[in-house]
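J.:
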Amino acid sequence: MADDSTGRQGRRRDLRSHRKEGHWPTFIHGENGLGDIDIPETIDLPLDPRPAHRFIIETVKANPGEVTLIAVGRMTNLALALSGEPDFAALVKEVIVMGGAFDMNGNVSPAAEANIHGDPEAADLVFTAPWRVIVVGLDVTMKTVMTSAFMADMAKAGGKPVQLLSDLSQFYIDFYKTRTGDGMVVHDSCACVYLVAPELFETRSGPVRVVCGGLADGQTIQKPDGRAFPPGDWDGHPSQLVCTNIEPERVLSVIRAAIVTGERG
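Each number in our numbering comes from the position in the sequence shown (counting from 1) with 1299 added on.
Structure, rendered in structure tokens:
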């Protein structure tokens, strides 16, 4: 498939439309979402008339069995694609999700991670659909910290494009100083690395569900394969892979190679 620079607009509200309209957390990413670096207020980018979920459906249908979807935010558009095309899941190669927290606390509540918490109903639909899902959650991403020195070295080696990446990351790095020390957690990049280097991750399999509503709204829970429980909400749902461990230094090396040289590590 050819690359292009056309924008696709996703749905602004969650699947059930009863939560607040989505917006990035300004205390993490800045008021403009890019670390408050100096950028034009508007960028002339052509906009595809199709909503994002229709673009996803049509792209997958044109390339059956070839497309891996990587979700690094709320999964409302994927849920809409599943609802809008009966055979959609069967045409997708696999889905890699950055989200969830299984054996640790969340980052927006004691129970929930931000991407899942933003639209729990959509996430539950994605996890229980009949396709292969790999979940790269806080259990592994929080172990992968890119230090300021690492970022500076990348910027020096990669020139102006990587310097721009370094500049917009400084706000994010400052946010993490009180949490991880010197450096930032590269959540979304970990999900991308799984696509090209899955051997750097350990996983366990089992159905995954999401708590929708209440005190634990957005909590992700996995029933490990091989465990017997009374009949209930886990029955009839596919086993998915949840990442439980990661090789952070090797993952960072893959990220550096991709950003600086365009290689896959």
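Cβ atoms here follow ideal geometry from the backbone N, Cα and C, with glycine treated the same way. Note that the structure is predicted; figures quoted are calculated from it, not measured.
Mind checking who residue 1500 pairs with in its DSSP beta bridge?
T.: Per DSSP, 1545.
J.: Is residue 1330 helix, strand or coil by DSSP?
T.: Here residue 1330 sits in coil by DSSP.
J.: With a threshold of 6 Å on Cβ separation, who are the neighbours of residue 1520 within its own chain once the five nearest residues in sequence on each side are excluded?
T.: Result list for residue 1520: 1508, in chain order.
J.: Can you tell me the Cα-Cα spacing of residue 1377 and residue 1425, whole angstroms?
T.: Approximately 7 Å, taken between the alpha carbons.
J.: From residue 1486 to residue 1429, what distance separates their C-alpha atoms?
T.: About 26 Å.
J.: For residue 1327, tell me which candidate among 1373, 1468 and 1442 has the shortest Cα-Cα distance.
T.: Ranking the options by Cα distance to residue 1327, first place goes to 1468.
J.: Should residue 1411 and residue 1518 be called a contact, given that it needs their Cβ atoms to be closer than 9 Å?
T.: Cβ distance < 9 Å, so residue 1411 and residue 1518 count as in contact.
J.: Taking the alpha-carbon of residue 1512 as reference, which of 1422, 1370, 1523 and 1503 has the nearest alpha-carbon?
T.: Here the closest residue by C-alpha is 1422.
J.: Put residue 1436 into one of helix, strand or coil per three-state DSSP.
T.: The answer is coil: DSSP assigns residue 1436 none of H, G, I, E or B.
J.: In whole angstroms, give me the CA-to-CA distance for residue 1414 and residue 1491.
T.: About 16 Å.
J.: Below 8 Å, can you find three or more Cβ-Cβ pairs linking the stretch 1375-1393 to the stretch 1352-1361?
T.: Contact between the stretch 1375-1393 and the stretch 1352-1361 is present, because at least three Cβ pairs lie under 8 Å.
J.: Is the Cβ-Cβ distance between residue 1484 and residue 1557 less than 9 Å?
T.: Cβ distance not < 9 Å, so residue 1484 and residue 1557 don't count as in contact.
J.: Expressed to the nearest angstrom, what Euclidean distance is found between the alpha-carbon atoms of residue 1395 and residue 1366?
T.: Residue 1395 and residue 1366: Cα-Cα distance of roughly 11 Å.
J.: Report the CB separation of residue 1453 from residue 1373 in whole angstroms; it is logged as a contact under 8 Å.
T.: Rounded, the Cβ-Cβ distance is 29 Å, inconsistent with contact.
J.: Grab the span of the beta strand (DSSP E) containing residue 1390 for me, first residue to last.
T.: Segment 1387-1390 is the alpha helix (DSSP H) holding residue 1390; no beta strand (DSSP E) there.
J.: If you reduce the DSSP assignment to three classes, tell me which class residue 1420 lands in.
T.: DSSP places residue 1420 in helix when its eight states are reduced to three.
J.: Name the residue from 1530, 1522, 1537 and 1514 whose alpha carbon lies nearest to the alpha carbon of residue 1416.
T.: Checked all of 1530, 1522, 1537 and 1514; the closest Cα to residue 1416 is 1514.
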